[in-house]
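Here's the structure we're looking at; comments come further down.
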Amino acid sequence: MSETVSTDLRELDALVVGAGFSGLYMLHRLRNTLGMSALVLEAADDVGGTWYWNRYPGARCDSESYFYSFSDRLSEDLLEEWTWSERFAGQPEILRYLQTVADRFDLRRDIRFRTTVTAASWDDDAGRWLVDTRDGERFAARFLVTAVGCLSTTNLPEFPGRDSFRGDSFHTGLWPHEGVDFTGKRVAVIGTGATGVQLIPEVAQEAAHVTVFQRTPNYDIAGGNHPVTPDFDRKIKDDYPQIWARTRETAFGFPYDVADRTALSVPEEERREIFEEAWAKGGFRLGTTFNDLLLDEDANETAAEFLRNKIRERVDDPEIAEMLAPKDHPFFTKRPPLENGYYETYNRDNVTLVDVNKSPIEAITPAGVRTADGEYEVDSIVYATGFDAMTGTLFKLGIRGRDGLTLAEKWAEGPRSYLGIATHGFPNLFMITGPQSPSVLSNMPVSIEQHVDWVAGCLRHLREQGVARIEPTREAEDGWVAHHDEVTATTLLPRANSWWVGANIPGKHRSLYPYVGGVGTYRGICDDVAAKGYEGFTLSRADVAAA
Ligand code: FAD
Ligand code: NAP
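Using the working numbering, read the sequence shown as starting at 2 and increasing by one per residue.
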């Protein structure tokens with residue numbers, strides 16, 4: 002395929018936005034497998050995405066390292082050569098891994114760093130995307146692939162007086178590369194999601210005092226992090242073919258089977274033993290102990306109460322334990338954090354928990370944080386307040402489709418996609434882990450690989466058939482949205498005010514953003530669409546598209 006470089010406009014077969022897991026693998030497929038001309042535009046000055054930006058103390062994965070990586074789809078050799086040091090690798094190690102992938106597959110030469118995409122418009126006459134950057138550059142490409150991540154636009158709440166604070170403030174998703182020394186400091190941490198739960202025990206060891214502002218307590222699960230032994234590493238490497246096969250078939254892209262039994266089908270004592278056993282193993286296995294935890298409220302309550310009791314056992318002060326024990330939403334209807342010593346942190350003298358659900362934050366003052374109950378004077382504020390997930394970053398790309406409508410306008414009443422990969426009115430646009438695909442409800446590298454491979458297969462098909470344009474029909478899109486909503490309604494997920502339903506962002510449309518039908522089921526649906534000649538898409542040949 003062709004690449005024309007002119008002084009004003011660089012024309013490519015494909016443009017990819019983002020150089021995390023998704024963008025790296027997409028570039029590899031486009032350029033190294035399909036031989037297309039492709040360029041990645043990336044705002045950061047290096048690869049890594051999530052693992053470039055989130056450098057806060059304690060940042061690590063909570064998918065186990067051995068399957069939080071590219072599979073044998075990328076390279077069996079790399080799998081054999083790469084050895085993770087911990088069961089849940091820390092941010093520096095994951096970043097090193099992604100840098101290694103970029104170097105090994107010679108990807109950097111087709112990545113433009115420090116380049117932020119600000120607009121992308123479909124040029125219907127020429128059948129191409131025109132993509133503009135913050136620095137005034139323009140690129141043209143027949144296909145546009147967004148690999149911008151589901152969790153890449155930070156959420157910094159608009160607290161009154163936020164900018165008046167005299168000390169230092171940080172958002173965990175934009176952490177300084179040189180690190181932050183909290184020694185001797187009084188630190189406020191706002192937010193107790195997966196990020197806060199990782200950061201708080203680390204900062205508490207350093208700071209003079211940590212005041213944690215908690216709005217909603219979570220059902221945190223024991224992580225059980227530990228070093229990887231050579232024996233374990235060898236065993237995993239020997240088992241990789243089976244491990245990857247399972248990640249592709251299970252509901253959440255983890256190589257864990259969900260037990261084929263309901264929670265209330267076993268006597269209470271036996272159920273508790275099952276939970277204890279899963280708890281002792283650490284990680285998300287607890288969610289796989291019964292097959293109805295996400296479907297049945299009574300079943301769910303058994304796990305919820307088990308977890309509340311774990312908190313009560315570990316936190317010395319019963320009042321604080323009750324503040325930390327969630328009662329307002331079922332287990333796993335918000336993303337449960339994995340913790341390593343989080344609850345014991347509240348037994349320290351230098352840690353205070355403030356319930357901002359009871360007395361909300363009224364303002365950030367020059368001296369600290371003011372709630373209805375009083376002012377907390379601090380030297381530093383850490384915002385562990387999460388992200389405008391799934392659509393926040395996509396909207397910032399300023400994508401404008403065939404009829405001049407932006408994606409944000411089209412999705413004002415919630416996302417409407419076909420398979421979470423494409424959307425009607427936006428030809429030749431593919432979204433890696435887009436809304437209404439399994440994405441954040443899965444071990445993401447598995448879902449990223451599935452999307453990238455599907456897009457690569459689609460592009461190969463288009464080339465072989467001389468097709469210039471592909472766009473989902475409105476009917477196919479309506480069908481997918483209806484299916485997505487129907488599956489969602491069978492679960493307990495809509496019950497919680499989670500970022501999965503957009504509840505963390507004031508004014509954001511409320512609906513479940515990821516698809517909960519399961520990784521394996523979803524893969525089957527996508528494969529079937531492809532096998533039927535990309536059923537649900539309109540494919541126009543070059544001569545027809547030009548006419
Ligand atoms: P990202 O890694 O988010 O990369 C997107 C890239 O796009 C970024 O580099 C960004 O700079 C770039 N970009 C965005 N907008 C623009 C623009 N306008 N112009 C140019 N560039 C742009 N998932 C799991 O499955 N397991 C885990 O254990 C896990 N742990 C996580 C821990 C943290 C702290 C966070 C925040 C997320 C975690 N996730 C985890 C989710 C994680 O985001 C994904 O696993 C994965 O890293 C996403 O890769 P990606 O390439 O799709 O997106
Ligand atoms: P998050 O789960 O959205 O948590 C944000 C926290 O900030 C919540 O406690 C939230 O309270 C609070 N908050 C937000 N706005 C607030 C306000 N105006 N006032 C008071 N409190 C406010 O974000 P996150 O912790 O960064 O995690 C996001 C996702 O990233 C995770 O769910 C996970 O998918 C991924 N992640 C994974 C890991 C890992 O272990 N691998 C680590 C970090 C992140 P409410 O709950 O009440 O909204």
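Even glycine gets a Cβ: it sits at the ideal position worked out from N, Cα and C.
As the structure is a computational prediction, the values presented were derived from the model and not from experiment.
Inter-residue Cα distance where the pair is residue i and residue j
i, j, result
"Gly342", "Ser153", "27 Å"
"Gly519", "Leu131", "35 Å"
"Pro337", "Ser512", "19 Å"
"Ala127", "Leu99", "36 Å"
"Arg496", "Arg235", "42 Å"
"Pro228", "Glu277", "22 Å"
"Arg30", "Phe144", "14 Å"
"Ala549", "Val118", "With the chain covering only 2 through 548, there is no way to say anything about residue 549."
"Asn358", "Ala385", "16 Å"
"Gly525", "Asp46", "37 Å"
"Thr5", "Lys186", "Low confidence applies here, because Thr5 scores a pLDDT of 43, under 50, leaving its location unreliable; read the following figure in that light. Approximately 55 Å, taken between the alpha carbons."
"Arg129", "Cys151", "25 Å"
"Asp553", "Pro507", "Residue 553 is absent from the structure shown; the chain starts at 2 and stops at 548."
"Pro439", "Ala15", "24 Å"
"Val468", "Ser443", "32 Å"
"Leu430", "Thr147", "8 Å"
"Gly284", "Asp107", "34 Å"
"Ala142", "Arg247", "36 Å"
"Phe255", "Ala368", "45 Å"
"Thr434", "Val198", "25 Å"
Residue i: first and last residue of the uninterrupted alpha helix (DSSP H) it sits in
i, result
"Phe233", "Pro231 to Glu250"
"Leu28", "Phe22 to Leu28"
"Phe307", "Glu298 to Arg315"
"Leu325", "Pro319 to Leu325"
"Leu79", "Glu77 to Glu82"
"Val441", "Segment: none, Val441 is in no alpha helix (DSSP H) and carries neither H nor E."
"Val530", "Val520 to Ala532"
"Leu408", "Leu408 to Lys411"
Paired residues, beta bridge with residue i - DSSP
i, result
"Val383", "Phe171 and Val190"
"Ser541", "Arg470"
"Trp130", "Trp123 and Ala142"
"Glu378", "Gly369"
"Leu1", "Lying before the first or after the last residue shown, residue 1 is absent from the chain, which here runs from 2 to 548."
"Gly91", "Arg61"
"Ile400", "Ala121"
"Met432", "Thr147"
"Arg113", "Leu42"
"Tyr1", "Nothing in the structure corresponds to residue 1, since the chain is present only between 2 and 548."
heavy atom of ligand 1 below 7 Å from residue i C-beta
i, result
"Thr392", "no"
"Tyr69", "yes"
"Gly50", "yes"
"Ser153", "yes"
"Phe183", "no"
"Gly521", "no"
"Met324", "no"
"Ser64", "yes"
"Lys335", "no"
"Thr117", "yes"
"Ala148", "yes"
Residue i: first and last residue of the uninterrupted beta strand (DSSP E) it sits in
i, result
"Gln215", "His210 to Gln215"
"Leu200", "Segment Ala195 to Glu207 is the alpha helix (DSSP H) holding Leu200; no beta strand (DSSP E) there."
"Val355", "Val352 to Asp356"
Heavy atom of ligand 2 within 7 Å of residue i beta-carbon
i, result
"Gly192", "yes"
"Pro158", "yes"
"Thr407", "no"
"Val211", "no"
"Gln92", "no"
"Leu513", "no"
"Ala189", "no"
Exposed unless 16 or more other CB atoms sit within 10 angstroms - verdict on residue i
i, result
"Glu450", "buried"
"Glu472", "buried"
"His452", "buried"
"Ser381", "buried"
"Gln243", "exposed"
"Arg470", "buried"
"Gly426", "buried"
"Asp164", "exposed"
"Leu493", "buried"
"Leu175", "exposed"
"Asp389", "buried"
"Asp350", "exposed"
"Thr290", "buried"
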